[in-house]
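Remarks on the structure that follows.
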DNA sequence: TATTTAGTTTAATCGCGATTGAACTAAAAA
DNA sequence: TTTTTAGTTCAATCGCGATTAAACTAAATA
């Protein structure tokens with residue numbers, strides 16, 4: 001039950017676009033997502049600048065800019081060899097996704113808390129609702145801290 | 001220790017812009033976030049179309065479009081009275097934030113899973129890393145299901 | 001019925017980020 | 001030293017979503 005090379009290739013291309021779409025949805029440039037996708041799906045896990053622009057059919061300019069950003073954000077690592085640069089996915093903290101979500105929860109918590117502070121009537125319908133959400137967020141964070149420990153001690 | 005009216009008003013205005021920025025960061029139009037902010041912070045929790053456009057200094061056109069979207073997404077509820085429309089925040093499911101995050105986790109899980117499927121070498125460094133992330137996501141979901149029940153049975 | 005009012009629709013504009021192309025730089029190769 | 005190559009920089013463009021203004025509709029009011 002082996003996969004044909006052309007199946008694999010077209011599967012990869014589709015997936016690279018899916019990566020692009022997903023990363024675009026969380027605020028990246030489409031090209032950034034496609035590069036991450038390529039570095040994720042390709043069998044050789046370290047690719048040169050040239051390989052990247054040829055496979056994705058993007059200009060040197062955008063590749064240069066986007067790769068610099070990805071490297072500065074520690075999503076991609078670069079290795080220089082001769083005058084070539086090779087790129088590979090940087091395997092970050094497993095909880096990166098969760099970290100980002102927790103930061104989002106913190107923003108919401110701050111907004112709702114400040115909102116309640118500004119309310120004349122702390123018992124208003126919205127004030128009560130916001131308090132419930134804050135409560136849920138706090139429970140969530142406790143719950144997550146526990147889970148992180150569990151995962152880390154395996 | 002009471003807050004002056006003008007303090008409250010300027011605090012509200014600042015917070016409304018913070019809501020705008022936050023909602024913009026998660027993919028809404030800035031105006032959508034500011035409307036949600038206004039409906040959240042204002043003491044009267046039900047405001048007319050006119051009150052909204054006057055307080056936020058936005059055009060009837062954008063207010064109309066954005067409010068229609070917010071209503072269709074059930075973020076805002078509308079009450080018609082005479083020929084006026086009144087809007088209030090729709091108090092959604094407490095877990096809305098978490099629901100959205102879980103959908104995001106599902107997308108990532110799908111991308112990584114499909115990526116592994118396409119790999120020739122399932123033991124490659126990236127394949128192993130992706131498997132760890134998938135594992136963490138699965139643990140996260142279990143953990144969340146438990147927490148939701150705990151919150152709901154209080 | 002005529003008028004006023006609340007909100008909708010839509011064409012036009014504005015601003016901005018993503019992308020490209022081409023000139024440019026620095027370093028390796030010849 | 002000259003040439004080639006890899007990648008960078010940056011001005012120009014492209015496309016698109018957000019916003020507005022103004023014409024328009026429908027319903028309430030006079």
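Protein chains in written order, with my numbering: chain A, 1 to 154; chain B, 1 to 154.
Ideal Cβ positions, reconstructed from N, Cα and C, are used throughout, including at glycine.
- Taking C-beta pairs closer than 9 Å, name the residues in chain A that residue 153 of chain B reaches, listed in chain order. Residues of chain A passing the Cβ test: none, with the nearest at roughly 12 Å.
- Enumerate, from N- to C-terminal direction, the unbroken alpha helix (DSSP H) stretches of 4 or more residues contained entirely within the segment 16 to 42 of chain B. 30 to 41
- Query: What in chain A is Cβ-close to residue 133 of chain B, meaning under 8 Å?
  - Reply: 94 and 97
- Query: What is the DSSP secondary structure of residue 75 of chain A, reduced to helix, strand or coil?
  - Reply: coil
- Proximity test, Cβ basis, 9 Å: residue 50 of chain B and chain A: no
- Nearest to residue 45 of chain B by CA position, among B/71, B/10, B/89 and B/34, is which residue? B/89
- For residue 84 of chain B, which three-state DSSP category applies? strand
- Query: Taking all protein chains shown into account, do 16 or more other C-beta atoms lie within 10 angstroms of the C-beta of residue 149 of chain A, making it buried, or fewer, making it exposed?
  - Reply: exposed
- Taking only beta carbons into account, state which residues of the segment 109 to 124 of chain B come closer than 9 Å to chain A, listed in chain order. 110, 111, 112, 114, 115, 117, 118, 119, 120, 121 and 124
- Task: Would you grab the beta carbon distance between residue 115 of chain B and residue 40 of chain A for me? Rounded to a whole angstrom, and I think it's under 8 Å.
- Result: 5 Å
- Item | residue 49 of chain B beta carbon less than 9 Å from that of residue 22 of chain B | no
- Message: So with CB distances below 7 Å, who are the chain A contacts of residue 89 of chain B?
- Response: 126
- Using a beta-carbon distance cut-off of less than 7 Å, what residues from the segment 24 to 55 of chain A approach chain B? 40, 41, 43 and 45
- Message: I'd like to know whether the C-beta of residue 62 of chain B is nearer than 9 Å to at least one C-beta of chain A.
- Response: no
- Cβ neighbour criterion (16 or more within 10 Å) applied to residue 42 of chain A: buried
- Task: From the DSSP output, in three-state form, read off residue 48 of chain A for me.
- Result: strand
- In whole angstroms, what is the alpha-carbon distance linking residue 127 of chain B and residue 151 of chain B? 36 Å
- Mind checking residue 9 of chain A: buried by the 16 CB within 10 Å criterion, or exposed? exposed
- Query: Taking 9 Å as the CB-CB cut-off, is residue 149 of chain B touching chain A?
  - Reply: no
- Item | Assigned exposure category for residue 68 of chain A - 16 Cβ within 10 Å defines buried | exposed
- Query: In three-state terms, what does DSSP make of residue 89 of chain B?
  - Reply: strand
- Under the assumption that residue 66 of chain A contacts residue 32 of chain A (Cβ atoms under 8 Å), give the Cβ distance between them as a whole number of angstroms. 5 Å
- Task: Give me the Cα-Cα distance between residue 24 of chain B and residue 112 of chain A, rounded to the nearest whole angstrom.
- Result: 17 Å
- Starting from the Cα of residue 106 of chain B, find the closest Cα among B/17, B/140, B/91 and B/19 and give me that residue. B/140
- Distance, Cα to Cα, residue 102 of chain B vs residue 75 of chain A? 22 Å
- Task: With DSSP collapsed to three states, give me the class of residue 2 of chain A.
- Result: coil
- What are the boundary residues of the alpha helix (DSSP H) that residue 138 of chain A is part of? 125 to 152
- Message: Considering just the uninterrupted stretch of the alpha helix (DSSP H) at residue 118 of chain A, what are its terminal residues?
- Response: 96 to 118
- Item | Pair within 9 Å by beta-carbon distance, residue 16 of chain B and residue 47 of chain B | no
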